[in-house]
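Counting from 6, one number per residue, gives the positions in the sequence shown under our numbering. By construction, the Cβ of each residue, glycine as well, lies at the ideal position given by its N, Cα and C atoms. Owing to the predicted nature of the structure, the values given are computational and were not obtained by experimental measurement. The next block holds one structure in the form of structure tokens; read it before the comments.
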Amino acid sequence: MPGHPTAAERKFHLEYGRQKLAQMRNEGILRVEISSSRDDQVCEECALLDSKVFDIDRAPLLPIHEERTIFITDDEEREIEEAIPICRCAYLAASE
Ligand SMILES: [Zn+2]
């Protein structure tokens, strides 16, 4: 199905959080804020985390999810599966 990440892409996505946190830790950042994309594509799960601040060692690893499957109704009134985009949240240095 188009839009589904390949194994290599998935690995890359999962490395994002680890590498980003390591980099921020090296810069002396102690707390991070999660920032979702703040548009109408942001899922509930990500919206709940938006603007939340964590100690860098306790921050949830991003991306939280690769894709979400939703069910929509097509022209023939059939229920079909559709994948919506991966988590696009990012870490920001929390200002304190
Ligand atoms: Zn997200």
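With a floor of 3 residues, list each beta strand (DSSP E) that falls wholly inside the stretch 47-81, ordered by position along the chain. 58-60, 73-78
Within 7 angstroms: the Cβ of S40 and any heavy atom of ligand 1? no
From this set, Q46, E49, K25, which residue's C-alpha is nearest E38's C-alpha? K25
Please report the residue range of the beta strand (DSSP E) in which E32 lies. Per DSSP, E32 belongs to no beta strand (DSSP E) and is neither H nor E.
Give the straight-line distance between the Cα atoms of Y96 and R83, rounded to the nearest whole angstrom. 39 angstroms
Specify the secondary structure class of M6 as computed by DSSP and reduced to three states. Any reading at M6 must be qualified, since the residue scores a pLDDT of 49, below 50, and its modelled position is unreliable; the value itself is stated next. Coil, per DSSP.
State the start and end residues of the unbroken beta strand (DSSP E) segment that holds L99. One detail in the question is off: residue 99 reads as Ala in this sequence, not Leu. No residue range can be given for A99, since it is assigned to no beta strand (DSSP E) and is classified by DSSP as neither H nor E.
Sort H70, R63, E87 by Cα distance to A52 and report the nearest one. H70
In whole angstroms, give me the CA-to-CA distance for D79 and E86. 10 angstroms
When we look at the beta-carbon of G22 and count the other beta-carbons within 10 Å, is it buried (16 or more) or exposed? G22 should be labelled buried.
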